[in-house]
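**Student:** So the sequence shown is residues 42 to 272, counted in my numbering.
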Amino acid sequence: MRKLVIAIDGFSSSGKSTMARALAKEIGYIYVDSGAMYRAVTLYALRNGMVMPDGSLDTQALVAALPNVNVSFAPAGADGVQHTLLNGEDVEKEIREMRVSEMVSPVAVIPEVRHRLVALQQEFGREKGIVMDGRDIGTTVFPRAEMKVFVNASAEERARRRFKELQDKGVKADYDEVYANICERDHIDSTRKESPLRKAEDAVELDNDNMTPAEQMKWLHDLYIKIASAE
Ligand code: DC
Numbered sequence: 042m043r044k045l046v047i048a049i050d051g052f053s054s055s056g057k058s059t060m061a062r063a064l065a066k067e068i069g070y071i072y073v074d075s076g077a078m079y080r081a082v083t084l085y086a087l088r089n090g091m092v093m094p095d096g097s098l099d100t101q102a103l104v105a106a107l108p109n110v111n112v113s114f115a116p117a118g119a120d121g122v123q124h125t126l127l128n129g130e131d132v133e134k135e136i137r138e139m140r141v142s143e144m145v146s147p148v149a150v151i152p153e154v155r156h157r158l159v160a161l162q163q164e165f166g167r168e169k170g171i172v173m174d175g176r177d178i179g180t181t182v183f184p185r186a187e188m189k190v191f192v193n194a195s196a197e198e199r200a201r202r203r204f205k206e207l208q209d210k211g212v213k214a215d216y217d218e219v220y221a222n223i224c225e226r227d228h229i230d231s232t233r234k235e236s237p238l239r240k241a242e243d244a245v246e247l248d249n250d251n252m253t254p255a256e257q258m259k260w261l262h263d264l265y266i267k268i269a270s271a272e
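Printed below as a string of structure tokens:
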């Protein structure tokens, strides 16, 4: 079997992270959640007073501080989850908080932030044997990845899934608000100037609206076998 670089891109809440993580575990590859890296930089900005009370971002200060922002990952622990480190500190839980989700899109549009994180992501993939998920992995980070998947599902279905996930966690949520947030993030992610979310020409599209998690995993695994065993 050839060792591959696997790029999985798609809209928020499309289930791509769950699929990417499970595939990496099954085939013994490294998994990198690129969204977590944008979230870690966002947390740095929040902690260092770069987000103003009105919610605006001090882009200049963040860009100037970038050389001091190191994002890395600790290997999966007992919980099986890979933990994101910000300057060596485990911030896995904190980067999932709502205050980070609300600021991450404006941080992710800054070209200097993208350049720094893309360079790090490319470094992670140097030895291949990696599954990375995000928005621009198949287009910008690894344009020559041997396997590229673009995951799609309707905004309604993604909002239903996200709403259920929040309910299951005991978080109070309003479906209309969740739906509006998904639409807003879709818009920002796909219309930004630098590396907008779009399907790479050579990516295989997976529309998972009507698929169970088991069906999706089988589809992904079959694709991996087909590509890895080809000469
Ligand atoms: O996958 P996620 O929701 O954790 O990603 C958080 C944000 O980071 C998302 O709104 C868009 C941005 N992002 C990006 O711009 N490029 C990536 N490769 C991954 C995430």
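All C-beta atoms, glycine included, are put in the ideal place defined by N, C-alpha and C.
Are there any heavy atoms of the ligand DC lying less than 6 Å away from the beta-carbon of residue 79, as far as the coordinates show?
**Tutor:** Residue 79: yes, Cβ under 6 Å from the ligand DC.
**Student:** Under 6 Å: does the beta carbon of residue 145 sit that close to some heavy atom of the ligand DC?
**Tutor:** yes
**Student:** Suppose the cutoff is 6 Å on Cβ atoms and the five residues either side in sequence are ignored; what does the same chain contact list for residue 52 look like?
**Tutor:** 227
**Student:** Measuring only from the beta carbon, is residue 175 closer than 6 Å to any heavy atom that is part of the ligand DC?
**Tutor:** yes
**Student:** Jot down the residue ranges of each uninterrupted alpha helix (DSSP H) in the stretch 50–78, minimum 4 residues, whole runs only, in chain order.
**Tutor:** DSSP runs (the alpha helix (DSSP H)) wholly in the stretch 50–78: 57–68.
**Student:** So for residue 45, helix, strand or coil by DSSP?
**Tutor:** coil
**Student:** Classify residue 189 as buried or exposed, calling it buried when 16 or more other Cβ atoms lie within 10 Å of its own Cβ.
**Tutor:** buried
**Student:** Just reading off the beta strand (DSSP E) that residue 97 is part of, what are its end residues?
**Tutor:** That residue, residue 97, is in no beta strand (DSSP E); it is neither H nor E in DSSP.
**Student:** Considering residue 232, what are the terminal residues of the alpha helix (DSSP H) in which it resides?
**Tutor:** 216–232
**Student:** What residue ranges within the stretch 168–198 form continuous beta strand (DSSP E) runs of no fewer than 3 residues, ordered along the chain?
**Tutor:** 171–175, 188–193
**Student:** Between residue 64 and residue 262, which are expected to be in contact by the criterion C-beta below 8 Å, what is the C-beta distance as a whole number of angstroms?
**Tutor:** With a Cβ gap of about 7 Å, residue 64 and residue 262 count as contacting.
**Student:** In its own chain, which residues sit with a C-beta less than 7 Å from the C-beta of residue 72, not counting the 5 before and 5 after it?
**Tutor:** 61, 62, 65, 123, 172
**Student:** Residue 137: beta carbon under 6 Å from a heavy atom of the ligand DC?
**Tutor:** no
**Student:** As a quick exercise: from 146, 144, 139, 177, pick the residue whose alpha carbon is nearest that of residue 160.
**Tutor:** Distance from the Cα of residue 160 is smallest, within the candidate group 146, 144, 139, 177, for 177.
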